[in-house]
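See structure below.
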Amino acid sequence: MRAMVLTTKGAPLQPVERPDPVPGAGEIRVRVEACAVCRTDLHVVDGDLPDPHLPLVPGHEIVGIVEALGEGVTTHAIGRRVGIPWLGGTCGCCSYCESDRENLCDEPVFTGYTRDGGFATHVVARADYAFALDGFDDPVAVAPLMCAGLIGWRSLKMAGPARRIGIYGFGAAAHIIAQVCRYQGREVYAFTRDGDEAAQTMALSLGAVWAGGSLEAPPVVLDAAIIFAPVGDLVPAALKAVAKGGRVVCGGIYMSDIPRFPYRLLWEERQVLSVANLTRADAVEFLALAPVAGVKTTTTVYPLERANEALADLRAGRFQGAAVLVP
């Protein structure tokens, strides 16, 4: 197999050849067709997230074909297309797992962080954390759904029944979840980096009723806001924009420090919530909803060997939608 490997935090990924991995009990080996590049991959590579399992193959928005089955696997068949997400395994016995909150598991496994991921030609995953993608015929198009879509969906659920929703940071997750909002009859107000006319144009094309700079005041009071940009300064800005009782959902795994802000912005029962990982139930729900809602992803394709370029372009905001690596 070929892989792009992180050996030192903050260093470029290195091309490596290895023997094809052998699935253990309860695991499957997948031939990777596509792996989207997530901002979380940047946080892993740049060292924002502590203690990655080095040397590491990043990547957790994986789509591929089952090529081999480990002992005891009966839920997947060779030749089936599956998706592999960020949450790669849980203990199943802690208080969180036993209360249907496996996303908060005390001993989780994360694809592309604590175990090798999809910036490679092959990957091994737990069979019970790989999702059948029957009916999804384009692996490049579906790859961003495996994290940007799933975390976007969990963030939207946590926002509650809000009709007017502000989305801060219009990247991969936002461009997917805006389409779900449109399908559900919600109004989207898109906040982008100042001067990013391309992102604002994209947001409007996907159904947003307004698009402006990240610190602009929206034309109406919002019921809720979702922050996908990893910028702590946006939390008080979003609180200022939402109505009494409104929610501000922080949808990323990493965010810069939130600055001090006056209590009056939080008062009147406004809430600040964070999203942690996903549950398998989230994935089942969203993968059933996405085709019905007509979700279409915008992608920029890179060969596997250009993974460093894809990461650099994501860091600099040089494309709209999602980058996808294809071996």
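Quick note: the sequence shown uses full-length UniProt numbering, first residue 1, plus one each step. Yeah, the Cβ is synthetic: ideal placement off N, Cα and C, and Gly gets one too.
Q320 classed as buried or exposed, judged by whether at least 16 other C-beta atoms fall within 10 angstroms: buried
Pick from A312, P303 and C181 that is closest to V324, judged by C-alpha positions: P303
Pair within 8 Å by beta-carbon distance, I62 and L69: no
CB of L42 within 8 Å of CB of L311, strictly: yes
Within 8 Å, strictly: CB atoms of F110 and A3: No. Outside cutoff.
Separation of T192 from S256, as counted between CA atoms: Approximately 17 Å, taken between the alpha carbons.
Buried versus exposed call for D282 [16 or more other C-beta atoms within 10 Å across all chains shown]: buried
Straight-line gap, G207 to E17 (C-alpha atoms, nearest Å): When rounded, the distance between both Cα atoms is 44 Å.
Alpha helix (DSSP H) segments (min. 4 residues) lying fully within the segment 153–205: Listed in chain order, they are 172–184 and 197–205.
Own chain residues within Cβ distance below 7 Å of E305, not counting five before or after: P15
Inter-residue spacing [alpha-carbon to alpha-carbon] between A11 and T121: 21 Å
Cβ shell of A211 (< 7 Å), same chain only, five flanking positions each side left out: A190, T192, Q200, A203 and L204
Ordered list of beta strand (DSSP E) runs contained in the segment 246–285, each at least 3 residues: Whole beta strand (DSSP E) segments, 3+ residues: 271–274.
Extent of the continuous alpha helix (DSSP H) to which E309 belongs: A307 to A316
Expected contact under 8 Å - CB spacing of A132 and E27 to nearest Å: The Cβ separation is near 16 Å, so there is no contact.
Pair within 8 Å by beta-carbon distance, A34 and V326: yes
Three-state secondary structure assigned by DSSP to A141: helix
Neighbourhood of T114 by C-beta distance below 7 Å, restricted to the same chain and skipping five residues each side: H53
Distance between beta carbons of R39 and G252, contact taken as under 8 Å: About 7 Å; that satisfies the 8 Å criterion.
Length of the line joining the Cα atoms of G169 and A178: 12 Å
Alpha-carbon spacing of L289 relative to V272, whole angstroms: 26 Å
Chain-order list of residues whose beta-carbon lies under 6 Å from that of E67 (same chain, five-residue window excluded): R29 and R31
Alpha helix (DSSP H) segment containing P236, residue limits: L234 to A241
Exposed unless 16 or more other CB atoms sit within 10 angstroms - verdict on P262: Per the 10 Å Cβ criterion, exposed.
Helix, strand or coil at T299 [DSSP, three-state]: strand
Inter-stretch contact at 8 Å, needing at least 3 Cβ pairs: the segment 138–145 / the segment 155–165: no
Which of helix, strand or coil DSSP assigns to D46: helix
Presumed contact (8 Å Cβ cut-off) between G112 and V57, rounded CB distance: 7 Å
Between the CA atoms of D46 and N308 - distance to the nearest angstrom: 12 Å
Own chain, CB closer than 6 Å to residue 399, minus 5 neighbours either side, in chain order: Past the boundaries of the shown model lies residue 399; the chain is included only from 1 to 327, so the question cannot be answered.
Reference L215, options P85, G166 and P50, closest by Cα: G166
Within 8 Å, strictly: CB atoms of A130 and H76: yes
Residue burial classification, T297 (beta-carbon count within 10 angstroms, cutoff 16): buried
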